[in-house]
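Visitor: Residue numbers (this note's numbering), protein chains in the order written: chain A, 1 to 375; chain B, 1 to 552. We put the CB at the ideal spot given by N, CA and C, even for glycine. My structure is below; once you've seen it, I'll send some questions.
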Amino acid sequence: MAEDTKEDTQQQQKQGERSVPRPQFTDAEAGALTFPSSESRSFNYFEPAKMRATTYEDVTVDVQPDPSRHLTQGWIYGFAKGPGGYPAEWTELKSSDWHVFLDPNEEWERTIYRNNANVVRQIQYNLDNAKSEKAFDRWNGAWVTFVERHVGAWMHIEHGLGMHAFVRAQRDAPTNMINNAISVNGMHKLRFAQDLVLYNLELDDQIEEFDGKAHQEIWDSGSEWQPVREVVENITAIPDWAKVVFVANVIFEPLVGELFRSGLVMQLAAPHGDFVTPTIMGAGEADYDRDLKYTRELYSMLTGDETHADHNKATLNEWLGEWTPRVLDAARQLQPLWSQSEAKTVRFEDSLEQARARFAGILDDLGLETPQEVK
Amino acid sequence: MGRQSLKKSHEKIQELSWDPQYATPADKYTTDYTFEKAPKKDPLKQVLRSYFPMEEEKDDRVYGAMDGAIRGNMFRQVQERWMEWQKLFLSIIPFPEISAARAMPLAIGAVPNPEIHNGLAVQMIDEVRHSTIQMNLKRLYMNHYIDPAGFDLTEKGFSNCYAGTIGRQFGEAFITGDALTAANIYLTIVAETAFTNTLFVAMPSEAAANGDYLLPTVFHSVQSDESRHISNGYSILLMALANEDNRQLLERDLRYAWWNNHAVVDAAIGTFIEYGTKDRRKDRPSYAEMWRRWIYDDYYRSYLAPLEKYGLVIPHDLVEEAWNRIWNKGYVHEVAQFFATGWPANYWRIDGMTDEDFEWFEHKYPGWYDKYGKWWENYNRLRHPNGHGPIAFEDVDYQYPHRCWSCMVPCLIREDTVMDEVDGQVRTYCSETCHWTDAVAFRPTYQGRETPSMGRLTGKREWETLYHNEDLADIMTDLGYVRDDGKTLVPQPHLDLDDPKKLWTLDDVRGYPFPSPNVLLNEMSPDEREAHMEEYRRGGPGGRPAKETADA
């Protein structure tokens with residue numbers, strides 16, 4: 001130890017100074033020396049989609065390893081009756097390379113929190129504004145009943161699909177890019193469900209005749225909702241992750257989700273003097289738009305696969321044949337809701353037609369056949 | 001959101017769940033545990049309306065600090081010795097994080113409690129956050145630290161290096177096998193509640209002492225989410241304890257999870273903290289001292305032991321033995337020595353120990369020099385290529401170790417090594433408990449009880465098997481641990497980048513066949529094997545071959 005350092009230490013000890021680490025000049029910054037790989041400043045184990053990898057690619061690609069890529073020792077834990085890890089066989093669909101899929105929303109930590117924090121803040125601003133404007137005083141009794149019962153029932157669907165369809169499916173897909181997209185989808189659903197239930201709580205506080213518990217009875221036994229509930233519960237029972245996402249986002253969402261949120265609630269609210277509910281429903285629609293983007297990308301990749309396109313199209317068409325009639329039937333059972341409004345601004349058939357056109361458009365984009373029921 | 005409002009909101013969101021009437025969620029991830037419905041509460045009252053803005057704010061702080069670190073030229077002060085070990089650590093840790101996200105459905109499916117489901121779903125997206133925030137930190141290191149080699153191949157290195165595979169247990173174990181064993185006991189009750197203390201608190205503190213304040217910024221932000229995860233796990237554990245039938249499985253799983261976490265995490269983090277630091281103040285706590293505080297006192301005595309009164313059988317013996325391995329058997333030092341022995345199969349550089357380091361180790365671990373000092377002097381002597389081979393192939397009184405089939409850390413405490421024929425293969429284990437893990441715990445029956453959901457140990461668990469007797473130069477080429485001039489190795493047994501002659505190339509490691517100890521063991525006759533193992537057990541410490549062999 002150098003003499004002056006010893007003296008320093010003795011001096012510190014006399015003064016009772018704390019022992020703390022001492023910064024040292026190390027000159028360990030980029031560019032300080034030139035040597036082999038001194039400029040190798042990009043992740044080199046994957047090919048980015050464009051010239052330079054995006055932040056999303058850098059923080060997502062290959063974080064979930066794959067024996068078909070770099071994983072040499074294989075999965076080191078297995079299930080009792082099958083391999084561990086993320087077997088490609090956990091879906092009937094096949095891909096020449098699952099890793100080609102990149103989420104067009106490029107969801108990673110920062111986008112997830114910015115997007116969802118913005119949504120909950122906007123909803124809170126809208127509610128605060130509505131309360132200060134006493135906007136709920138303008139609602140009539142029929143509309144109050146409609147919102148407490150049917151908007152209330154809808155939140156169960158969002159929650160159920162979020163918790164038991166999407167959160168579960170994000171365990172299973174063969175790449176990190178797919179699983180992350182599905183997990184964000186799951187959080188959208190769960191957040192939107194909570195947006196709705198906390199809206200319900202607010203209305204319960206603000207409107208004297210609003211029954212904050214009515215949603216439970218209508219969800220448990222309301223005849224209009226039971227077929228939808230049956231469909232939702234059966235979606236959660238599908239073990240194949242790709243089938244869950246396909247049935248929920250490609251079939252159920254346009255035919256029931258958008259039908260109810262945009263085709264009914266957002267049409268009826270304004271004539272009833274309600275400018276708040278559409279802004280909350282709009283958050284759910286924006287979520288679905290975002291989730292549909294990755295869904296289109298994923299299933300387009302599969303229907304366009306150089307080796308497995310025919311197999312995938314046949315499988316997806318089979319799933320469409322199995323689920324479209326069930327979902328469409330559930331949608332039709334919602335028809336009485338269109339009659340419960342005093343303002344006849346939109347007919348059920350018109351809303352359904354719009355939903356069918358949207359559904360057919362998505363299928364067309366994916367190169368799939370539109371089932372007979374919706375033609 | 002105010003406290004009263006949060007309570008009311010949290011009560012309200014419980015109305016979202018429902019009991020299925022038409023179909024139940026797919027039961028894909030099974031458990032042998034039995035749960036009754038119970039009104040277990042989420043004491044932290046997690047509501048997404050407050051959660052998302054809170055996390056956004058935490059992110060803003062982290063990214064503000066990152067900008068500040070770059071503008072303030074933090075890398076002029078970081079210690080290369082420290083940063084090099086981050087090439088290993090940060091290649092491993094994003095996978096356990098994302099695996100924790102993937103583990104949540106296992107727990108949700110197994111535990112019939114919607115209030116806990118809500119907390120678990122929030123944990124899922126937390127873990128996505130942790131994974132990407134850590135990947136982004138590594139990207140920043142790659143861009144701004146003097147030597148990006150090793151960061152640039154990070155996820156490939158994680159996937160094909162023996163060290164990455166050891167770390168991969170701390171991830172795959174969360175998502176595979178019995179849903180409760182994996183997603184609750186291993187992940188939450190042991191990994192998160194006990195070992196994130198050393199991972200995310202002790203290690204960042206050491207990073208700061210080595211000039212790196214970004215690791216603490218990121219990992220303390222991560223750790224601030226862990227209390228919610230710990231709460232999720234604790235609620236599930238109490239529900240499991242409510243059913244007597246679960247207690248046998250809880251005892252099994254706590255023994256397995258505790259021991260495996262100790263074997264893996266203490267090996268890695270102990271090495272990073274003790275051998276990756278330049279801070280040799282005598283009053284700086286050693287890893288053993290930190291372990292005693294964070295793991296023994298805070299976890300074992302304050303958290304785990306009080307659960308005994310609820311019927312949980314605590315593995316007191318294994319907690320004491322883990323401490324015994326760290327304090328008396330030199331576990332961390334043996335592991336660090338092994339990592340350094342294996343430098344030419346790594347993707348980071350390992351600095352040798354200096355006189356100042358020797359003095360510190362001797363002060364903290366009396367007797368250290370006699371066990372390890374000579375070897376580290378040899379390491380320094382052989383650090384530059386000069387016609388000799390890498391240290392693993394030179395005569396430095398070190399016997400290359402067998403690997404533990406269960407925890408995959410080598411059998412470094414030689415006298416504890418167990419050999420057994422399991423599933424038709426002769427395997428070695430670092431300890432009795434690791435032998436029990438493979439031969440007894442991970443089986444379809446346990447103590448006469450059917451355990452059909454329990455997982456299996458699979459894969460090519462001894463890394464050396466993949467390259468048995470192949471030339472080291474070919475192995476390094478295959479692994480891809482070669483720099484962009486096509487010949488210089490990514491790993492080096494020193495930090496000297498100033499002179500190309502000091503850097504090892506493929507040519508310097510050509511001509512060294514790398515045998516697999518397990519393959520050789522299985523090729524022996526039973527008598528040869530017994531004799532070999534008897535001698536192996538007499539070896540050590542510091543990897544020394546048994547005395548008689550050395551004298552022969």
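#1: DSSP three-state label for B:R281, please.
#2: Span of the alpha helix (DSSP H) holding B:D67?
#3: Do B:I116 and B:D42 have their C-beta atoms within less than 8 Å of each other?
#4: Using DSSP's beta-bridge definition, name the partner residues of A:G82.
#5: Are any of the Cβ atoms in chain B nearer than 8 Å to that of A:P325?
#6: Would you list the one or two residues that DSSP bridges to B:R403?
#7: Would B:Y145 and A:A28 be called neighbours here (beta carbons separated by less than 8 Å)?
#8: Quick one, are the C-beta atoms of B:L88 and B:W348 less than 8 Å apart?
#9: For B:P513, which of helix, strand or coil comes out of DSSP?
#10: Just to check my reading of the structure: B:V335 and B:L412 have Cβ atoms closer than 8 Å, yes? What is that Cβ distance to the nearest angstrom?
#11: Establish whether the CB of A:F35 and some CB of chain B are separated by less than 8 Å.
#12: Do the stretch 347-364 of chain A and the stretch 165-181 of chain A meet, that is, are 3 or more Cβ pairs less than 8 Å apart?
#13: Answer with yes or no whether the minimum CB distance from A:F252 to chain B is below 8 Å.
#14: Determine, for A:T72, whether the minimum Cβ-Cβ distance to residues of chain B falls below 8 Å.
#15: Just how far apart, CA to CA, sit A:S132 and A:Y125?
#16: Taking the Cβ atom as the reference point for each residue, do B:V111 and B:F35 lie within a distance shorter than 8 Å?
#17: Could you check whether the stretch 334-345 of chain A touches the stretch 221-232 of chain A, counting it as contact only if at least three pairs of C-beta atoms, one from each stretch, sit closer than 8 Å?
#18: Can you name the residues of chain B whose CB is closer than 7 Å to the CB of A:L44?
#19: Give, in chain order, every residue of the stretch 101-124 of chain B whose Cβ lies closer than 9 Å to some Cβ of chain A.
#20: Using a cut-off of 9 Å between C-beta atoms, extract the partners of B:P444 located in chain A.
#21: Just reading off the beta strand (DSSP E) that A:V327 is part of, what are its end residues?
#22: Between the stretch 315-335 of chain A and the stretch 280-298 of chain A, do at least 3 Cβ pairs fall closer than 8 Å?
#23: Can you tell me the Cα-Cα spacing of B:Q79 and B:I185, whole angstroms?
#24: Could you name the residues of the same chain whose beta carbon sits closer than 7 Å to that of B:M142, not counting the 5 residues immediately before and after it, in chain order?
#25: Given 8 Å as the limit, is there contact between the stretch 466-479 of chain B and the stretch 439-446 of chain B, that is, 3 or more CB pairs closer than that?
#26: Compare the Cα-Cα distances from B:R252 to each of B:M290, B:D178 and B:T193 and report the closest residue.
#27: Return helix, strand or coil for B:E362, following the three-state DSSP convention.
#28: Going by beta carbon distance, what residues of the same chain come within less than 8 Å of A:M177, once the five residues before and after it are set aside?
#29: Hey, how far is the Cα of B:Y51 from the Cα of A:L198?
#30: Pick helix, strand or coil for A:M155, following the three-state DSSP scheme.
#31: Note the first and the last residue of the continuous alpha helix (DSSP H) segment covering B:D474.
#32: Give the C-beta separation of B:W405 and B:P315 to the nearest angstrom, bearing in mind that I take them to be a contact with Cβ-Cβ under 8 Å.
#33: If you check the beta carbons only, do B:P94 and A:V63 fall under 8 Å apart?
#34: Quick check: what's the CA-CA separation for B:V218 versus B:G167?
#35: Excluding the 5 residues flanking B:L187 on each side, which residues of the same chain have their C-beta closer than 7 Å to its C-beta?
#36: DSSP state of A:Q354, grouped into three classes?
Guide: Answer, in terms of the structure:
#1: Position 281 of the second sequence, counting from 1, holds the residue named residue 281 of chain B. Three-state DSSP puts B:R281 in coil, outside helix and strand.
#2: By one-based count along the second sequence, residue 67 of chain B stands at place 67. B:D67: member of the alpha helix (DSSP H) spanning L48 to R71, first to last residue.
#3: Mapped onto the second sequence, residue 116 of chain B falls at position 116. Mapped onto the second sequence, residue 42 of chain B falls at position 42. The Cβ atoms of B:I116 and B:D42 lie closer than 8 Å to each other.
#4: Working through the first sequence from its first residue, we reach residue 82 of chain A at position 82. As DSSP reads the structure, A:G82 sits in a beta bridge with A:F79.
#5: Taking the first residue of the first sequence as position 1, residue 325 of chain A is located at position 325. With 8 Å as the cut-off, A:P325 does not count as an interface residue toward chain B.
#6: The residue given as residue 403 of chain B occupies position 403 in the second sequence. Answer is B:P410, bridged to B:R403.
#7: Taking the second sequence and counting its residues from 1, the one referred to as residue 145 of chain B is at position 145. Taking the first sequence and counting its residues from 1, the one referred to as residue 28 of chain A is at position 28. The answer is yes: Cβ separation under 8 Å.
#8: For the purposes of this step, residue 88 of chain B is identified with residue 88 of the second sequence, where counting begins at 1. For the purposes of this step, residue 348 of chain B is identified with residue 348 of the second sequence, where counting begins at 1. The answer is yes: Cβ separation under 8 Å.
#9: Here the question's residue 513 of chain B lines up with position 513 in the second sequence. Here B:P513 sits in strand by DSSP.
#10: Walking along the second sequence from the start, residue 335 of chain B turns up at place 335. Walking along the second sequence from the start, residue 412 of chain B turns up at place 412. At roughly 6 Å, the Cβ-Cβ gap stays under 8 Å, so B:V335 and B:L412 are in contact.
#11: Your numbering for residue 35 of chain A matches position 35 in the first sequence. Contacts with chain B at 8 Å (Cβ-Cβ) include A:F35.
#12: Verdict: no, contact absent.
#13: Locating residue 252 of chain A in the first sequence gives position 252, where the first residue counts as 1. Closer than 8 Å: no.
#14: Indexing the first sequence from 1 puts residue 72 of chain A at position 72. Yes, its Cβ sits closer than 8 Å to a Cβ of chain B.
#15: Against the first sequence, residue 132 of chain A aligns to sequence position 132. Against the first sequence, residue 125 of chain A aligns to sequence position 125. Each residue's CA atom was taken as its position, placing A:S132 and A:Y125 some 11 Å apart.
#16: The count along the second sequence starts at 1 and reaches residue 111 of chain B at position 111. The count along the second sequence starts at 1 and reaches residue 35 of chain B at position 35. In contact: B:V111 and B:F35 (Cβ atoms closer than 8 Å).
#17: Pairwise C-beta distances place the stretch 334-345 of chain A in contact with the stretch 221-232 of chain A, as three or more of them are shorter than 8 Å.
#18: Here residue 44 of chain A refers to the residue found at position 44 of the first sequence. In the sequence as presented, Leu is not what sits at residue 44 of chain A; that position holds Asn. Under the 7 Å cutoff, chain B gives D152 and L153.
#19: For the stretch 101-124 of chain B, which is checked against every Cβ of chain A, the residues closer than 9 Å are A101, R102, A103, M104, P105, L106, I108, G109, P114, H117, N118, L120, A121, V122 and M124.
#20: Position 444 of the second sequence, counted from the start, is the residue given in the question as residue 444 of chain B. Correct list: A80.
#21: Residue numbering aside, residue 327 of chain A sits at position 327 when the first sequence is read from its first letter. No beta strand (DSSP E) holds A:V327; the alpha helix (DSSP H) holding it covers A309 to Q333.
#22: In the pairwise beta carbon analysis, the stretch 315-335 of chain A is classified as not touching the stretch 280-298 of chain A: fewer than three pairs are separated by under 8 Å.
#23: In the second sequence, residue 79 of chain B corresponds to position 79, counting from 1. In the second sequence, residue 185 of chain B corresponds to position 185, counting from 1. Rounded to whole angstroms, B:Q79 to B:I185 spans 37 Å at the Cα level.
#24: Position 142 of the second sequence holds residue 142 of chain B. Result list for B:M142: P148, F151 and D152, in chain order.
#25: By the C-beta criterion, the stretch 466-479 of chain B is judged not to be in contact with the stretch 439-446 of chain B, since fewer than 3 inter-stretch pairs fall below 8 Å.
#26: Here residue 252 of chain B is taken as the residue at index 252 of the second sequence, counted from 1. Answer by Cα proximity: B:D178.
#27: Locating residue 362 of chain B in the second sequence gives position 362, where the first residue counts as 1. Residue state, collapsed to three classes: helix.
#28: Translated into the one-based positions of the first sequence, residue 177 of chain A becomes position 177. Closer than 8 Å at Cβ, skipping near neighbours: T60, V61, H99, F101, L102 and D103.
#29: Within the second sequence, the letter at position 51 stands for residue 51 of chain B. Within the first sequence, the letter at position 198 stands for residue 198 of chain A. Each residue's Cα considered, the two are about 14 Å apart.
#30: Translated into positions along the first sequence, residue 155 of chain A becomes position 155. It is helical.
#31: Within the second sequence, numbered from 1, the residue matching residue 474 of chain B stands at position 474. Looking at the DSSP string, the run of the alpha helix (DSSP H) that includes B:D474 is L472 to L479.
#32: Stepping through the second sequence from its first residue, residue 405 of chain B is reached at position 405. Stepping through the second sequence from its first residue, residue 315 of chain B is reached at position 315. Going by Cβ atoms, the distance from B:W405 to B:P315 rounds to 20 Å, so no, they are not a contact pair.
#33: The count along the second sequence starts at 1 and reaches residue 94 of chain B at position 94. The count along the first sequence starts at 1 and reaches residue 63 of chain A at position 63. Yes. Within cutoff.
#34: Walking along the second sequence from the start, residue 218 of chain B turns up at place 218. Walking along the second sequence from the start, residue 167 of chain B turns up at place 167. One C-alpha to the other measures close to 20 Å.
#35: On the second sequence, position 187 is the one that residue 187 of chain B refers to. The beta carbon of B:L187 is closer than 7 Å to those of A100, A103 and F174 in its chain, skipping five residues each way along the sequence.
#36: Here residue 354 of chain A is taken as the residue at index 354 of the first sequence, counted from 1. Correct three-state label for A:Q354: helix.
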